[in-house]
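Participant: In the numbering used here, the protein residues as written are 73 to 270.
Backbone N, C-alpha and C fix where the C-beta goes; we use that ideal spot for every residue, glycine too.
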DNA sequence: AGCGGGATTTTCT
DNA sequence: GAAAATCCCGCTT
């Protein structure tokens, strides 16, 4: 298979189903370049899959002004606003026309922790151990809905080699339907995971 | 450590 | 008008 310039090979895996892609996004790096040129980086340690066959998904009832990005092409950012004050971000996955995305629930900070502390007014685990915390720490809001993750100021970096951390699969958090669908994935031993199963 | 409630506003019915 | 892919605080064990 030959790749043209528009489709970077490292993003090919994003065209698969959400529940297949979600564990594969663990270990990928989220990179944010702020307006002053400083760089934040975090390693994704917890994700959840959502797709249009799934009653818990924003895409379940079809495309709306809010969710149309989920029906677009893979490798873009879907940012939504919830509970009157929080943003959460997802990686759009699957083929164009199919509404699917993977929620980034937690990252482990790698670079720019001091900058994250300023926006979070917290430190340590509370910097990035939850989906809205990640967005606040990384200064991601509605402006970046639909952003192409190949390009600054927000990039998804896929490592050449994956780590060997143990991945746990569990039901998703904070939803009122499809409570048993086990589409949450996280690194078992990682401190930044939002909620451990024990 | 775990539970319960409040904050706050967008989104769709 | 109701619900929402959450977070934080305060109170109870």
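Among the candidates 247, 237, 255 and 250, whose CA atom is the shortest distance from the CA of residue 263?
Facilitator: Here residue 263 refers to the residue found at position 191 when the first chain is read from its first residue. Comparing Cα-Cα distances from residue 263 to each of 247, 237, 255 and 250, the minimum goes to 237.
Participant: Return the Cβ separation of residue 148 and residue 139 in integer angstroms, given the expectation that the two are a contact with Cβ distance under 8 Å.
Facilitator: Within the first chain, numbered from 1, the residue matching residue 148 stands at position 76. Within the first chain, numbered from 1, the residue matching residue 139 stands at position 67. Contact doesn't hold; Cβ gap of about 13 Å is too wide.
Participant: Pick out whichever of 166, 266 and 137 has its Cα sitting closest to the Cα of residue 125.
Facilitator: As a position in the first chain, residue 125 is number 53, starting the count at 1. When each option's Cα is compared against that of residue 125, the closest is 166.
Participant: Buried or exposed: residue 171, going by 16 or more other Cβ atoms within 10 Å of its Cβ?
Facilitator: The residue you call residue 171 lines up with position 99 of the first chain. Answer is buried; the Cβ neighbour count reaches 16.
Participant: Which residues in the same chain have their Cβ closer than 7 Å to the Cβ of residue 183, if we skip the five residues on either side of it in sequence?
Facilitator: The sequence position of residue 183 within the first chain is 111, counting from 1. 111, 112 and 113.
Participant: What distance in whole Å lies between the Cβ atoms of residue 119 and residue 257, which are believed to be in contact at a cut-off of 8 Å?
Facilitator: Counting from one through the first chain, the residue named residue 257 turns up at place 185. Counting from one through the first chain, the residue named residue 119 turns up at place 47. Residue 257 to residue 119, Cβ: 5 Å. Contact.
Participant: Please list the terminal residues of the continuous alpha helix (DSSP H) segment that includes residue 191.
Facilitator: Here the question's residue 191 lines up with position 119 in the first chain. Residues 185–192.
Participant: My output table needs one value for residue 256: the three-state DSSP class, helix, strand or coil.
Facilitator: Here residue 256 corresponds to residue number 184 of the first chain, with the count starting at 1. Looking at residue 256 - three-state DSSP - the assignment turns out to be strand.
Participant: Could you please give the first and the last residue of the uninterrupted beta strand (DSSP E) stretch that includes residue 154?
Facilitator: The count along the first chain starts at 1 and reaches residue 154 at position 82. Run containing residue 154: 149–154, per the beta strand (DSSP E) assignment.
Participant: For a test of the three-state rule: what should DSSP assign to residue 209, helix, strand or coil?
Facilitator: In the first chain, the residue the question calls residue 209 occupies position 137. Looking at residue 209 - three-state DSSP - the assignment turns out to be helix.
Participant: Of the residues 133, 232 and 266, which one's Cα is nearest the Cα of residue 246?
Facilitator: Stepping through the first chain from its first residue, residue 246 is reached at position 174. Comparing Cα positions, the closest option is 266.
Participant: In angstroms, rounded to a whole number, what distance separates the CA positions of residue 234 and residue 89?
Facilitator: Within the first chain, numbered from 1, the residue matching residue 234 stands at position 162. Within the first chain, numbered from 1, the residue matching residue 89 stands at position 17. One C-alpha to the other measures close to 19 Å.
Participant: Should residue 162 go down as buried or exposed, given a rule of 16 or more other Cβ atoms within 10 Å for buried?
Facilitator: Taking the first chain and counting its residues from 1, the one referred to as residue 162 is at position 90. Buried.
Participant: How many whole angstroms separate the CB atoms of residue 213 and residue 155, which I take to be in contact at a CB cut-off of 8 Å?
Facilitator: Residue 213 sits at position 141 when you count from the first residue of the first chain. Residue 155 sits at position 83 when you count from the first residue of the first chain. Rounded, the Cβ-Cβ distance is 14 Å, inconsistent with contact.
Participant: With a threshold of 7 Å on Cβ separation, who are the neighbours of residue 221 within its own chain once the five nearest residues in sequence on each side are excluded?
Facilitator: Within the first chain, the letter at position 149 stands for residue 221. Excluding the 5 residues flanking it on each side, residue 221 has same chain C-beta neighbours closer than 7 Å at 147, 148, 149, 163, 227 and 228, in chain order.
Participant: Determine the DSSP secondary structure at residue 75, reduced to helix, strand or coil.
Facilitator: Position 3 of the first chain, counted from the start, is the residue given in the question as residue 75. In this predicted model, residue 75 has a pLDDT of only 49, less than 50, meaning its place in the structure is not dependable; the value taken from the coordinates is given anyway. Reduced to three states, the DSSP call for residue 75 is coil.
Participant: If you check the beta carbons only, do residue 117 and residue 209 fall under 7 Å apart?
Facilitator: On the first chain, position 45 is the one that residue 117 refers to. On the first chain, position 137 is the one that residue 209 refers to. Against a cut-off of 7 Å, the Cβ pair of residue 209 and residue 117 comes out as no contact.
Participant: Are residue 255 and residue 91 touching if we call contact CB-CB under 7 Å?
Facilitator: For the purposes of this step, residue 255 is taken as the residue at position 183 of the first chain. For the purposes of this step, residue 91 is taken as the residue at position 19 of the first chain. Yes, the pair counts as a contact, with Cβ atoms nearer than the cut-off.
Participant: For residue 107, is the classification buried or exposed, using 16 other Cβ atoms within 10 angstroms of its Cβ as the cut-off for buried?
Facilitator: The count along the first chain starts at 1 and reaches residue 107 at position 35. Per the 10 Å Cβ criterion, exposed.
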